[in-house]
Amino acid sequence: MVISKDEVLYVAHLARLDIQPEEMNRLSGQIDEILRYVDKLKEADTGNVAPTARPLPLVNRLREDEPGESLGSEAAVKNSCDNYDGMFVVPKVVKQ
294 MVISKDEVLY VAHLARLDIQ PEEMNRLSGQ IDEILRYVDK LKEADTGNVA
344 PTARPLPLVN RLREDEPGES LGSEAAVKNS CDNYDGMFVV PKVVKQ
């Protein structure tokens with residue numbers, strides 16, 4: 294299967310990529326290789342394979358949410374590099 298330059302440009306447009314003219318032949322060849330491999334995968338016999346979303350089961354390893362001791366605000370502020378009136382002082386991150 295040979296991929297045309299127009300098809301490469303179309304795929305690049307969908308992916309919001311800016312393709313340079315000198316990349317066109319290389320990308321066309323790479324896409325062609327990928328599609329040939331997909332065609333090869335289509336030939337695999339998957340009749341006895343059950344459809345799955347994941348090969349392994351998902352297990353959430355969560356602990357119970359139990360209230361406990363917390364660090365008080367005075368102790369937290371005491372550990373900071375810079376504080377003012379009981380609050381942390383941090384560098385400005387919002388542009389005006």
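Those letters in the sequence shown? Residues 294 to 389, per my numbering, in order. Note that CB positions come from ideal geometry on N, CA and C, so glycine has one too.
Whose CA, out of the options, lies closest to the CA of residue i?
i, options, result
"L328", "A369, P348, M294", "M294"
"A369", "P360, M380, E359", "M380"
"P314", "T345, A308, L364, D299", "D299"
So, at 7 Å on beta carbons, what are the nonlocal neighbours of residue i in its own chain, with the 5 sequence-adjacent residues on each side left out?
i, result
"V301", "I312, M317, L320, S321, I324"
"S366", "G379"
Under 6 Å Cβ to Cβ from residue i, same chain only, skipping five residues before and after it: list those, please.
i, result
"N353", "none"
Determine, using beta carbons only, whether residue i and residue j come nearer to each other than 8 Å.
i, j, result
"D375", "V386", "no"
Give a yes or no on whether the minimum CB-CB distance between residue i and chain D is below 8 Å.
i, result
"E300", "The structure shown has no chain D; it contains just one protein chain."
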